[in-house]
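Residue numbering for the sequence shown follows this note's numbering, beginning at 68 and increasing consecutively. Cβ coordinates follow ideal geometry from the N, Cα and C atoms, glycine included. Keep in mind the model is a prediction, meaning the values are calculated, not measured.
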Amino acid sequence: MELIRGLHNLGPQHRPCVATIGAFDGVHLGHQAVIRKLQGKAKELALPATVIVFEPLPREYFAPLEAPARIMSFRDKFRALECLGVDRVLRIRFTPSLRSMSAQAFVDEVFVQGLGIQHIVLGDDFRFGNDRQGDYAFIKSQGRRYGYEASATETCEFDGERVSSTRIRAALAEGDFALAERLLSRPYRMSGKVIYGRQLGRELGFPTANLQLHRLRSPLSGVYAVTVTGGGLADAPAVANVGTRPTVGDSIQANLEVHVLQGSPQLYGRHLEVTFLHKLRDEQKFASVDLLRGQIDRDAEAARRWLSEHTNGPASADAD
68 MELIRGLHNL
78 GPQHRPCVAT
88 IGAFDGVHLG
98 HQAVIRKLQG
108 KAKELALPAT
118 VIVFEPLPRE
128 YFAPLEAPAR
138 IMSFRDKFRA
148 LECLGVDRVL
158 RIRFTPSLRS
168 MSAQAFVDEV
178 FVQGLGIQHI
188 VLGDDFRFGN
198 DRQGDYAFIK
208 SQGRRYGYEA
218 SATETCEFDG
228 ERVSSTRIRA
238 ALAEGDFALA
248 ERLLSRPYRM
258 SGKVIYGRQL
268 GRELGFPTAN
278 LQLHRLRSPL
288 SGVYAVTVTG
298 GGLADAPAVA
308 NVGTRPTVGD
318 SIQANLEVHV
328 LQGSPQLYGR
338 HLEVTFLHKL
348 RDEQKFASVD
358 LLRGQIDRDA
368 EAARRWLSEH
378 TNGPASADAD
């Protein structure tokens, strides 16, 4: 799958196409319905299927501390779209100039001049442009002017409720990973590159892999039983902490720390995928590092016990 990094990288080879546009945070069942319709139209017209996304997400640009927590990083979103068989992703950087662009100008410059779209598929709630005029009715009316067609997807429901990124965030916040998995059609995972941290976990006897999350806020907060894949590990049992480490720091940015329960794998610089299975407790602040050490020991034992009871047993791990 091709990644087009910005409007300035669009060329004649990217025209014409069939396209869709949206946040696609989570690439959940509703998003997947949009992609299926996109691919159907692309096959019908014998054209590439292109997904248009913004980075950062508009709500992150306007109010980064108040914006909804990201379900997935851009890298994970790209991989999920790739697995669905999308041909191209156009990543548009959300900037002050884009913020001030009208819906009309966006259609002119992106849909028509940039991509030469022949058909656009829209989700049921998408709007764009500084005038908020860019809804389905507007895009369809512009299609009559420019000669492209537009179609909308119906609302996707599960158990009588609309599937949405908001609903998934709520399920994750409640530790309902079974519901999140059904809405996503896959277990909930986070991935990232292991970076050097403060080494406190090692000093406490629980070495952790610190992962870059590439987001300011996380939809999770607390301690979890997880499995880890990557860096020589395959579904290795582990315990993870997601939060801001209130006992030892005052950061506002979310961190993910993972302690593998078997072996002593060397994971610095590796890219890991963490699958969340069960919430053990909320994040909390301890009065001393010694109290924190005791709780970490209990967390590790609780994770080990839960994983033993609810999975097929410890997976083998290559402590490379």
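Legend entry - Where the alpha helix (DSSP H) containing Gly210 begins and where it ends: To locate residue 210, count along the sequence shown from 1; it is residue 143. Gly210 -> alpha helix (DSSP H) spans 203-213.
Inset, instruction - Check Asn197 in the structure and name its three-state DSSP category. - result: As a first step, residue 197 must be located in the sequence shown, where it is residue number 130. Reduced to three states, the DSSP call for Asn197 is coil.
Legend entry - Assigned secondary structure, Glu241 (DSSP; H/G/I helix, E/B strand, else coil): If you number the sequence shown from 1, residue 241 lands on position 174. DSSP places Glu241 in coil when its eight states are reduced to three.
Legend entry - Residue from Glu149, Arg348, Phe141 whose Cα sits closest to the Cα of Glu69: In the sequence shown, counting from the first residue as 1, residue 69 sits at position 2. Out of Glu149, Arg348, Phe141, Glu149 has the C-alpha closest to the C-alpha of Glu69.
Legend entry - Cβ-based neighbour list, Glu350, same chain, cut-off 8 Å, excluding 5 preceding and 5 following: Taking the sequence shown and counting its residues from 1, one reaches residue 350 at position 283. Around Glu350: Ser288, Gly289, Val290, Asn308, Val309, Gly310, Thr311, Pro313.
Legend entry - Beta-carbon spacing of Gly299, Glu340 below 8 Å: Translated into positions along the sequence shown, residue 299 becomes position 232. Translated into positions along the sequence shown, residue 340 becomes position 273. Cβ distance not < 8 Å, so Gly299 and Glu340 don't count as in contact.
Legend entry - Spatially closest choice to Gly242 from Gln200, Val293, Ala113, Asp302, by CA coordinates: By 1-based counting over the sequence shown, the position of residue 242 is 175. Minimum Cα distance to Gly242 is reached at Val293.
Inset, instruction - Return the CA-CA distance between Val315 and Phe353, expressed in angstroms with no decimal places. - result: Locating residue 315 in the sequence shown gives position 248, where the first residue counts as 1. Locating residue 353 in the sequence shown gives position 286, where the first residue counts as 1. Annotation note: pLDDT 48 at Val315 (below 50); position unreliable, coordinate value reported separately. Their Cα atoms are separated by approximately 9 Å.
Inset, instruction - Sort Phe244, Ala305, Leu157 by Cα distance to Ala370 and report the nearest one. - result: As a working note, residue 370 is residue 303 in the sequence shown. Checking every option, the nearest Cα to that of Ala370 belongs to Ala305.
Inset, instruction - Less than 8 Å between the CB atoms is what I'm expecting for Val188 and Ser167, so what's the real figure, rounded? - result: Here residue 188 refers to the residue found at position 121 of the sequence shown. Here residue 167 refers to the residue found at position 100 of the sequence shown. Incorrect: roughly 26 Å between the Cβ atoms, too far for contact.
Inset, instruction - Tell me whether Ile262 is buried or exposed, calling it buried when 16 or more other Cβ atoms sit within 10 Å of its Cβ. - result: In the sequence shown, the residue the question calls residue 262 occupies position 195. Ile262 is exposed by the Cβ-count criterion.
Inset, instruction - Let me know the alpha helix (DSSP H) ranges lying completely inside the stretch 294-379, each 4 residues or longer, listed in chain order. - result: 356-377
Inset, instruction - Please classify Val221: does DSSP put it in a helix, a strand, or coil? - result: Working through the sequence shown from its first residue, we reach residue 221 at position 154. Reading off the sequence shown, one finds Glu at residue 221, where the question assumed Val. In the structure shown, Glu221 sits in coil (DSSP, three-state: anything other than H, G, I, E or B).
Inset, instruction - Have a look at Asp92 and Pro123 and give me their C-alpha separation to the nearest angstrom. - result: As a first step, residue 92 must be located in the sequence shown, where it is residue number 25. As a first step, residue 123 must be located in the sequence shown, where it is residue number 56. Roughly 12 Å separates the two Cα atoms.
Legend entry - Inter-residue Cα distance where the pair is Leu323 and Leu132: Residue mapping note: residue 323 aligns to position 256 of the sequence shown, counting from 1. Residue mapping note: residue 132 aligns to position 65 of the sequence shown, counting from 1. Between Leu323 and Leu132, the C-alpha separation is close to 18 Å.
Legend entry - Outcome for Gln80 when other beta-carbon atoms lying within 10 angstroms are tallied against a minimum of 16: Taking the sequence shown and counting its residues from 1, the one referred to as residue 80 is at position 13. Answer is exposed; the Cβ neighbour count stays below 16.
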